[in-house]
Amino acid sequence: QPKRLADYQPPSFLVSKTDLSFELDPTATRVSATLTFQRNGAGIMILDGQQLKLISLRLNGQMLTDKDYRLTEDSLEIVKPGNSGVLEIVTELNPDQNSALEGLYLAEGVYCTQCEAEGFRRITYYPDRPDVLAVFTTTIIADSSQLPFLLSNGNKVSETLLSDGRTAVKWHDPFPKPAYLFALVAGDFDCLTDAYVTASGRQVSLEFYVQKGALSRSHFAMAALKRAMHWDEQRFGLEYDLDRYMVVAVDFFNMGAMENKGLNVFNSKYVLADDSSATDQDYFNIESIIGHEYFHNWTGNRVTCRDWFQLSLKEGLTVFRDQEFSADMGSATLNRIEAVKLIRTAQFAEDASPMAHPIRPEQVLEMNNFYTVTVYDKGAEVIRMLQTILGKTGFNAGLKCYLDRHDGQAVTCDDFVQAMQDATGQDLTQFRRWYSQSGTPEVKVQEHYDATSARLTLKLHQHTPVTADQTIKQPLLMPMRIELLFSNAGSSMRQLLLLSNEEQEFQFDGIHEQPLIVWLEDFSAPVKLSTHYQPEQLLLIAGRATNGFARWDAMQQYWSLLISKAVTGGLLPQLPAELVSLFKQLLQQPLADIALTAELLALPDFDTLAEQYTEIPVDALLSCLAHLTQQLAEALAIELTACYQRFDSIAYHYNEQGVALRALKGRCLHYLAFTNEGEHWVNQHYRQADNMTDQLTALKAAQYAELATSNSLLEDFAKRYQHNVQVMDKYFSLVATTPNDAVFTHLDRLTQHSLFSWKNPNRVRAVFGAFSQRNAKQFHRADGRGYQLLAQIVTKLDPINPQLAARLLTPLLSWQRYDQQRQHLLAGLLKALAAQASLSNDVFEKVSKSLP
Ligand code: ARG
Ligand code: ZN
Numbered sequence: 008q009p010k011r012l013a014d015y016q017p018p019s020f021l022v023s024k025t026d027l028s029f030e031l032d033p034t035a036t037r038v039s040a041t042l043t044f045q046r047n048g049a050g051i052m053i054l055d056g057q058q059l060k061l062i063s064l065r066l067n068g069q070m071l072t073d074k075d076y077r078l079t080e081d082s083l084e085i086v087k088p089g090n091s092g093v094l095e096i097v098t099e100l101n102p103d104q105n106s107a108l109e110g111l112y113l114a115e116g117v118y119c120t121q122c123e124a125e126g127f128r129r130i131t132y133y134p135d136r137p138d139v140l141a142v143f144t145t146t147i148i149a150d151s152s153q154l155p156f157l158l159s160n161g162n163k164v165s166e167t168l169l170s171d172g173r174t175a176v177k178w179h180d181p182f183p184k185p186a187y188l189f190a191l192v193a194g195d196f197d198c199l200t201d202a203y204v205t206a207s208g209r210q211v212s213l214e215f216y217v218q219k220g221a222l223s224r225s226h227f228a229m230a231a232l233k234r235a236m237h238w239d240e241q242r243f244g245l246e247y248d249l250d251r252y253m254v255v256a257v258d259f260f261n262m263g264a265m266e267n268k269g270l271n272v273f274n275s276k277y278v279l280a281d282d283s284s285a286t287d288q289d290y291f292n293i294e295s296i297i298g299h300e301y302f303h304n305w306t307g308n309r310v311t312c313r314d315w316f317q318l319s320l321k322e323g324l325t326v327f328r329d330q331e332f333s334a335d336m337g338s339a340t341l342n343r344i345e346a347v348k349l350i351r352t353a354q355f356a357e358d359a360s361p362m363a364h365p366i367r368p369e370q371v372l373e374m375n376n377f378y379t380v381t382v383y384d385k386g387a388e389v390i391r392m393l394q395t396i397l398g399k400t401g402f403n404a405g406l407k408c409y410l411d412r413h414d415g416q417a418v419t420c421d422d423f424v425q426a427m428q429d430a431t432g433q434d435l436t437q438f439r440r441w442y443s444q445s446g447t448p449e450v451k452v453q454e455h456y457d458a459t460s461a462r463l464t465l466k467l468h469q470h471t472p473v474t475a476d477q478t479i480k481q482p483l484l485m486p487m488r489i490e491l492l493f494s495n496a497g498s499s500m501r502q503l504l505l506l507s508n509e510e511q512e513f514q515f516d517g518i519h520e521q522p523l524i525v526w527l528e529d530f531s532a533p534v535k536l537s538t539h540y541q542p543e544q545l546l547l548i549a550g551r552a553t554n555g556f557a558r559w560d561a562m563q564q565y566w567s568l569l570i571s572k573a574v575t576g577g578l579l580p581q582l583p584a585e586l587v588s589l590f591k592q593l594l595q596q597p598l599a600d601i602a603l604t605a606e607l608l609a610l611p612d613f614d615t616l617a618e619q620y621t622e623i624p625v626d627a628l629l630s631c632l633a634h635l636t637q638q639l640a641e642a643l644a645i646e647l648t649a650c651y652q653r654f655d656s657i658a659y660h661y662n663e664q665g666v667a668l669r670a671l672k673g674r675c676l677h678y679l680a681f682t683n684e685g686e687h688w689v690n691q692h693y694r695q696a697d698n699m700t701d702q703l704t705a706l707k708a709a710q711y712a713e714l715a716t717s718n719s720l721l722e723d724f725a726k727r728y729q730h731n732v733q734v735m736d737k738y739f740s741l742v743a744t745t746p747n748d749a750v751f752t753h754l755d756r757l758t759q760h761s762l763f764s765w766k767n768p769n770r771v772r773a774v775f776g777a778f779s780q781r782n783a784k785q786f787h788r789a790d791g792r793g794y795q796l797l798a799q800i801v802t803k804l805d806p807i808n809p810q811l812a813a814r815l816l817t818p819l820l821s822w823q824r825y826d827q828q829r830q831h832l833l834a835g836l837l838k839a840l841a842a843q844a845s846l847s848n849d850v851f852e853k854v855s856k857s858l859p
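Those letters in the sequence shown? Residues 8 to 859, per the UniProt record's numbering, in order.
See below:
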């Protein structure tokens with residue numbers, strides 16, 4: 008019963024006005040919906056609805072009876088709706104029992120909704136599809152002594168005290184919107200307010216609703232919102248359009264945040280922060296997600312998706328926008344490095360897995376399964392390539408054309424590319440394949456230099472291997488940014504090549520010496536590149552390339568090469584002398600870009616290396632990494648110590664310089680933990696820390712080096728932060744990444760912790776997400792204990808929260824990437840899962856795809 012893109016049909020009925028009234032009650036909330044509808048084409052009137060109790064139904068004022076409608080598990084058909092009219096539907100729901108956190112749910116005394124993608128159908132019967140846009144008016148009725156804040160989209164129209172003592176608050180959102188952007192929140196909060204004046208002079212009231220007592224931790228998010236509003240005006244000329252912008256932070260939430268019109272709902276993890284509880288990474292995430300949801304107001308809300316296959320239309324584009332925002336707020340190089348790491352680990356892995364899909368999927372059983380790193384992050388890479396091909400000016404013009412043309416509409420990815428094409432005149436026919444073709448393209452490069460004719464010839468070859476979902480692959484149009492480095496330091500030439508054929512040659516004349524070529528500056532296309540560099544050439548690039556990303560990338564390639572030789576030879580890698588001297592130099596004289604220095608000094612992570620192998624040599628990679636860390640620590644102990652001591656700790660402040668300095672000192676500490684004085688350095692770092700970043704750095708260093716002090720530091724940490732659940736999640740994750748056998752008893756103990764709840768996705772992810780994604784050593788144990796545990800957890804969670812269960816399941820799907828023994832273990836677990844009765848669609852779709 009999966010849905011297909013090819014089967015899209017316009018809705019047979021539209022709804023122009025949706026009036027909702029909620030009488031809130033924990034176990035029996037009443038929803039009255041009044042829908043003003045018009046026929047839009049041939050076909051029956053069928054409304055979506057799930058887990059609803061239908062109380063009554065009226066058409067144009069007339070009560071309908073059994074024979075006037077047909078009710079199924081997930082739909083309501085109105086037999087004779089006529090061509091237009093008013094339908095009144097009364098349903099009843101149980102927010103308290105809703106642990107799936109979709110639709111309307113009650114958690115920790117707060118009523119909250121999550122409607123994207125298909126959650127609105129758990130609130131009332133409705134054409135729950137993004138191409139039905141209505142103007143919503145929402146009335147919330149509740150006891151305001153218990154629920155002082157009754158919020159919904161748009162502008163507040165009235166607040167009335169009813170004769171029975173309850174309060175009715177009415178909201179009106181003037182912008183037509185699909186049901187997935189509807190939101191309702193009711194609860195008691197602390198509220199931080201501020202104001203923003205848009206470029207054209209609109210006064211906007213900004214309101215953050217957070218848990219009681221957390222007001223002081225919401226200032227950073229508020230400031231980030233103002234920066235985002237300003238940035239979008241400057242960069243794209245886009246302004247906010249309502250009088251109020253509300254953000255609510257809740258601890259029970261399935262994902263990061265949701266861009267409901269005028270009323271964003273956030274996972275509190277991405278709002279609350281102060282210097283003693285948030286890391287640099289937390290601050291970064293908050294700013295970028297606040298930006299992301301705000302940017303959706305134009306790319307997502309004003310112009311939305313025709314159907315859910317088009318999800319990347321809003322998500323890929325909005326991730327791109329938030330990345331550009333973050334790059335402008337901090338270090339562009341560091342941002343690019345982090346984005347590329349994610350593509351090379353999670354996205355490449357997804358393309359190689361049974362869940363492979365194009366950024367515009369063609370077939371979906373459970374939409375929640377397609378909020379993926381492919382749709383979001385590869386989607387953003389595709390937008391970035393457009394900007395590279397069209398230039399910033401062309402891209403900005405294209406975006407303007409897209410938003411002008413489609414404001415108020417629900418459109419497709421094709422409409423977007425068409426606007427880009429029309430605004431710039433660039434033919435993007437071939438480029439559209441990025442939307443329909445899944446898989447990671449592999450690009451091979453060859454160079455030939457002829458001294459007599461002073462001609463350099465570059466030959467490129469592209470090939471996309473077949474994926475689980477698609478066998479035929481075609482060449483893609485991809486922008487390749489390169490730099491030619493000449494022997495005279497400082498002399499170079501930068502070029503943009505457009506590769507469109509399977510095989511293509513590019514010639515450069517008047518090249519008087521053989522250059523060293525830096526390929527794929529800034530990761531200008533999301534591909535796997537294979538080159539024929541000698542290790543020394545990579546070190547040269549790392550030292551000389553103009554593009555910071557390219558320098559880091561050369562170092563990563565250097566390590567990959569060294570490690571793959573060792574793995575093939577069945578040996579442990581030895582540190583080459585040139586590497587040691589380069590690292591010494593970096594430590595003694597860090598680059599002006601300190602953040603880049605810290606990245607250059609890092610080994611690739613396990614997941615990055617893993618993606619370079621068809622069959623992942625788990626044990627060999629882990630021992631190579633541990634061995635190299637140890638060797639670096641020993642060879643560089645003096646320089647590491649000097650570098651570590653050279654930068655005095657300055658009082659904590661989240662800014663580019665502070666982030667960079669902490670990263671560099673943290674990198675030194677990571678290695679120093681492996682020296683004889685490891686305990687000393689780590690203890691000192693932990694004790695002197697005036698911020699969360701440094702504390703966590705110390706804890707992680709102690710854990711990875713398996714220092715004796717690790718446990719007592721962790722205990723101290725847990726005691727200190729027992730009252731801050733966001734910090735306790737960090738503690739949970741740390742414990743879950745214990746690199747030895749003890750982790751299994753620890754995990755068991757964590758699930759008994761007073762703060763732990765199977766119903767809270769943040770807690771479950773903190774424990775089991777960390778275990779399965781950041782504890783390769785124990786998760787991938789050859790005896791299968793790690794895999795078994797995760798399968799058990801998925802089984803336990805599926806009836807509670809299928810979305811969460813299906814997400815946690817992901818690492819098990821890549822079973823074909825491991826050795827025979829692990830394959831056997833994983834396949835057995837997947838089969839056992841598949842054999843279970845009453846699996847959710849979420850888990851079923853993934854498990855069934857992964858079995859032959
Ligand atoms: N649109 C939200 C965002 O900003 C995410 C919604 C995720 N929904 C889901 N069902 N997983 O990215
Ligand atoms: Zn989004």
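Glycine included, every Cβ here is placed at the ideal spot set by N, Cα and C.
Distance, residue j Cα to residue i Cα
i	j	result
THR575	TRP822	22 Å
ALA834	PHE355	21 Å
LYS74	LEU279	52 Å
SER63	THR72	9 Å
MET427	LEU703	45 Å
ASN160	GLN241	26 Å
GLU266	THR604	36 Å
ALA387	VAL326	6 Å
GLN433	ALA202	41 Å
PHE739	ILE350	26 Å
LEU249	THR144	15 Å
For residue i, the residue or residues it bridges with in DSSP
i	result
GLU510	HIS468
ASN162	HIS179
PHE273	ALA256 and ALA264
PHE29	VAL38 and ILE147
ASP201	LEU213
SER284	Partner(s): none; SER284 has no beta bridge.
ASP457	ARG462
Helix, strand or coil at residue i [DSSP, three-state]
i	result
ILE645	helix
SER212	strand
GLU618	coil
LYS451	strand
ILE601	helix
GLU125	coil
PRO486	strand
ARG462	strand
VAL854	helix
SER63	strand
Distance cut-off 7 Å: residue i Cβ against heavy atoms of the ligand ZN
i	result
THR379	no
Closer than 7 Å: residue i CB and nearest the ligand ARG heavy atom
i	result
GLY299	Per the sequence shown, residue 299 should be read as His rather than Gly. Flag set: Cβ of HIS299 near the ligand ARG.
MET262	yes
HIS303	yes
Residue of the options minimising C-alpha distance to residue i
i	options	result
CYS198	VAL164, PRO183, LEU593 and PHE156	PHE156
VAL666	ALA264, VAL382, GLY337 and THR145	GLY337
PRO368	PRO746, ASN690 and ASP476	ASP476
MET262	GLN810, LEU846 and VAL850	GLN810
SER857	THR474, ALA712 and ASP329	THR474
ARG770	SER275, PRO137, LEU568 and VAL254	SER275
Test: residue i CB closer than 8 Å to a CB of chain C
i	result
LEU815	The structure shown contains no chain C; it is built from a single protein chain.
Residue i beta carbon near the ligand SAH (any heavy atom closer than 7 Å)
i	result
ALA346	This structure does not include the ligand SAH; its bound ligands are the ligand ARG and the ligand ZN.
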